[in-house]
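> Sharing a structure, written as structure tokens. Questions coming.
In our numbering, the protein residues as written are -15 to 275.
Encoded structure:
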């Protein structure tokens, strides 16, 4: 199998800076740096696609090559979960911070309002989408809403939706549908939409519409946002989250053990400790006698 090579991100030496672990790669960006990259994409009319990874999705990527390619082929891949940030730190692939999809969207909207960028909202049920737009416009009254569409569609309807987004002259496209639909839509149709920034935001519309309560900051900072969601929907989310989280912890533990063993192997290589040291055999001049 050939090794995947990521595309360069929108900053210097992106390929070298990307963090590789658990079979994926992530861009080590703060939310401010990500917003700057999106603004630049709009200014230069250079399309930018954004993928996000949390613990559950990293586990799912190991089972679906199609989803894996759809996420990792995005121009930016960001850590959506706090547990991913902690795992990266443990495996010595540090990331500066979590960049959650909802936080990135809420950071981009005031910029879009200030700059006059056109925003398209795609996803959720019609009534949820309507309440989302009401909430967004109450927070950002000067925002230009290029268009909106609910998130229930068939594969055959995707080209028509992409054309609708393109005809709206969209700068920023937020896709509030579940995985893997949002990733596959970005992969297959983002170029046709003509949007400068395409960002899958999952259940963000449900949060803004008041359908789902987001975890308080304390829960978010301690990596427990998933548990807060499970408490709200235990039957639907409980089995899925507990299974994927256990698998993720096991993957991280195994990777940490391998990292430790590699370090021990390198340390035990012949000459690894004595090479170049004053007084060691490798440091003596040729022909010098031992004392």
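For each residue, glycine too, the CB sits at the ideal point set by N, CA and C.
(1) Distance check for residue 125 and residue 69, CA to CA, integer angstroms please.
(2) Would you say residue 210 lies against chain C (beta-carbon separation less than 8 angstroms)?
(3) Figure out for me which residue from 228, 199, 204 and 230 has the closest Cα to the Cα of residue 216.
(4) Along the chain, where does the alpha helix (DSSP H) containing residue 88 start, and where does it finish?
(5) Suppose you measure from the CA of residue 76 to the CA of residue 4; what does that come to, to the nearest Å?
(6) When the distance is taken between beta carbons, is residue 74 closer than 8 angstroms to residue 42?
(7) Measuring straight from C-alpha to C-alpha, what distance separates residue 131 and residue 247?
(8) Quick one: is residue 224 buried, meaning 16 or more other Cβ sit within 10 Å of its Cβ, or exposed?
(9) Taking DSSP as the reference, what is the three-state secondary structure of residue 135?
(10) Have a look at residue 181 and residue 34 and give me their C-alpha separation to the nearest angstrom.
(11) If you drop the 5 nearest sequence neighbours on each side, which residues of the same chain put their C-beta closer than 7 angstroms to that of residue 1?
(12) Can you name, in chain order, every residue of its own chain whose Cβ lies under 7 angstroms from the Cβ of residue 202, other than the five neighbours on each side?
(13) According to the Cβ coordinates, are residue 167 and residue 54 closer than 8 angstroms?
(14) Please state if the CB of residue 88 and the CB of residue 154 are separated by a distance shorter than 8 angstroms.
(15) Considering Cα atoms alone, identify which of 15, 28, 179 and 65 is closest to residue 229.
(16) I'd like to know whether the C-beta atoms of residue 120 and residue 195 end up nearer to each other than 8 angstroms.
(17) I'd like the ranges of any beta strand (DSSP E) spanning at least 3 consecutive residues and lying wholly in the stretch 147 to 228.
(18) For residue 114 and residue 185, what's the separation of their Cα atoms in angstroms?
(19) Could you tell me the distance, in whole angstroms, from the CA atom of residue 236 to the CA atom of residue 165?
(20) Anyone know if the C-beta pair for residue 8 and residue 37 falls short of 8 angstroms?
(21) Identify every residue that forms a DSSP beta bridge with residue 8.
(22) With a Cβ-Cβ cutoff of 8 angstroms, do residue 142 and residue 105 count as a contact?
(23) Starting from the N-terminal side, write out each stretch of the beta strand (DSSP E) that is 3 residues or longer and does not extend beyond the stretch 38 to 67.
(24) Considering only the alpha carbon of each residue, which of 177, 188, 97 and 61 lies closest to residue 128?
(25) How about residue 161 and residue 107: do their beta carbons lie closer than 8 angstroms?
(26) According to DSSP, which residues form a beta bridge with residue 282?
(27) What's the C-alpha gap between residue 92 and residue 62?
(28) In whole angstroms, give me the CA-to-CA distance for residue 156 and residue 135.
(29) Across which residues does DSSP place residue 129 in a beta bridge pair?
Short version:
(1) 34 angstroms
(2) Structure shown: chain C not included; a single protein chain is present.
(3) 199
(4) 85 to 99
(5) 10 angstroms
(6) no
(7) 54 angstroms
(8) exposed
(9) coil
(10) 8 angstroms
(11) 12
(12) none
(13) yes
(14) no
(15) 65
(16) no
(17) 156 to 160 and 181 to 184
(18) 16 angstroms
(19) 27 angstroms
(20) yes
(21) 5
(22) no
(23) 60 to 63
(24) 97
(25) yes
(26) This structure cannot speak to residue 282, because the chain is shown only from -15 to 275.
(27) 15 angstroms
(28) 17 angstroms
(29) 103
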